[in-house]
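Have a look at the structure below before the remarks.
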Amino acid sequence: MPEVKGGSKGRSGGKQPAKGRGGKKPAPARDAVVKQTADASSIIIGVVFLVALLIGTAAWMGQSMSIVSGSVNNATDGFVKTVGLSVKTIRIYDAAPEQEVDILKAIGVKEGDSMFRADPKLIKSRLEKLSGLGDIQVHRFWPGQISIFVTPLKATFFYWNGETHLAMNPYGKIVPGVVYGEADFPVVSGAGAVKASAGLLVDLNDYPVIKSRLKKAVRIGNRRWDLMMSSGARIQLPTGADERQKALARLKALHQLTTVLDRKLANVDLRDPARVYTRRIQVTADAQTNGGKG
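Count along the sequence shown from 1, add 1184, and you get the number used in my numbering.
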């Protein structure tokens, strides 16, 4: 039979892709980006769904989100207690018995609470609002002890507020339990006296001959002091800490020469650094007459 020739030359047996169908080569980097985007979207949708579920549950139960948060905290506290990290002991050092009661109420932590809630800084800030406490130190000792060290305040002066005498410490905090007349402390009064008294009392400690005769210190215009002495004399001190110290030194020297602090004087003016002005107590004519007879 004659050989039959037909078909297209050079055509292979397999089918080739038709032109113009838009075939694309695979892109691994692009696929990875698409996958990451899809994963991120899934996470965001999941978080939104979870928040919506919590809000819906709280609304359905008639509760607020704070209550839901409290339930989570309670569950956390339960876990902490299970592993032995709860407050087992609260120890208070150097406080009076009545102060211990106030301290335990103020710290906001009780035995059995989570140790993670016993923040020393927070506890200290709460205790600083109490009166009658000096230096405060709070320590958290793991796994279950809270130690509180306090320094009881000691009164150093009485402040006359126009109605009563208040016992105060050098920081201007009221010290309870100190009764006027039963304690031998100086008395201060006047606007700004509480804040300025610390500097005056420190200066007076260097001059016991003056301090022992001091009856009351009056703050004048929140600028300077007048010292009311037991002899009845008013000692007028100058303005300024340095000037006041120099005036007290002059007063001490003057007393050593003339016993001025024990004399019946109405006024001793030390405001002039170069001179000392004194004024005697005015005596009435009747007093002079009676004095002459007796």
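Using N, Cα and C, we set each Cβ at its ideal position, and we do this for glycine too.
Model, not experiment: these values are computed from the prediction.
The continuous beta strand (DSSP E) containing S1331 extends over residues 1329-1336. When the Cα atoms are used, V1285 and I1291 turn out to be separated by approximately 11 angstroms. Spanning the alpha carbons of A1417 and L1385 requires a straight line of approximately 19 angstroms. Closest in C-alpha terms to V1363, from the list A1377, Y1343, S1373, A1382, comes Y1343.
When C-beta atoms of the region 1336-1355 are compared with those of the region 1365-1374, three or more pairs fall below 8 angstroms, so the two segments count as touching. D1297 and A1280 have their C-alpha atoms some 25 angstroms from each other.
The beta carbons of E1295 and V1334 sit no closer together than 7 angstroms. Remark: C-beta atoms of I1274 and I1320 do not approach each other more closely than 7 angstroms.
Between P1304 and V1293, the beta carbon gap of about 10 angstroms keeps them out of contact (Cβ cut-off 8 angstroms).
Rounded to the nearest angstrom, the Cβ distance from R1324 to M1299 is 7 angstroms, consistent with a contact under 8 angstroms. Scanning its chain for C-beta atoms nearer than 6 angstroms, with the 5 sequence neighbours on each side dropped, one finds around R1463 the residues A1450, N1451, in chain order. Close CB contacts of I1465 within its chain, under the 6 angstroms cut and outside five residues either way in sequence, are with K1448, A1450 (chain order). A straight line joining the alpha-carbon of M1413 with that of G1361 spans about 27 angstroms. The secondary-structure analysis by DSSP pairs S1415 with nothing; it has no beta-bridge partner. Annotated three-state conformation of A1382 is helix, per DSSP.
Within the region 1422-1448, the complete alpha helix (DSSP H) segments of 4 residues or longer fall at 1425-1442, listed in chain order.
By the CB criterion at 7 angstroms, V1359 and L1337 fall inside the cutoff. Here the alpha carbon of A1433 sits roughly 42 angstroms from the alpha carbon of K1308. Checking the DSSP bridge columns, you'll see L1350 partnered with Y1343. Per DSSP, S1373 is one residue of the beta strand (DSSP E) stretching across 1371-1373.
For the 7 angstroms CB-CB criterion, P1327 and L1269 form a contact. Burial is judged here by how many other beta carbons sit within 10 angstroms of a residue's own beta carbon; R1403 has at least 16 and is buried. Per the C-alpha coordinates, the member of E1312, Q1420, R1310, G1318 positioned closest to D1278 is G1318.
If the five residues before and after E1312 are omitted, its C-beta is found closer than 7 angstroms to the C-beta atoms of I1320, all from its own chain and listed in chain order. Spanning the alpha carbons of H1349 and F1369 requires a straight line of approximately 11 angstroms. Under DSSP, A1401 forms a beta bridge with V1372, L1411.
Going by DSSP, D1286 is part of the alpha helix (DSSP H) stretching over 1281-1290.
Taking the Cβ atoms as the reference, P1422 lies roughly 6 angstroms from R1408, within the contact range of under 8 angstroms.
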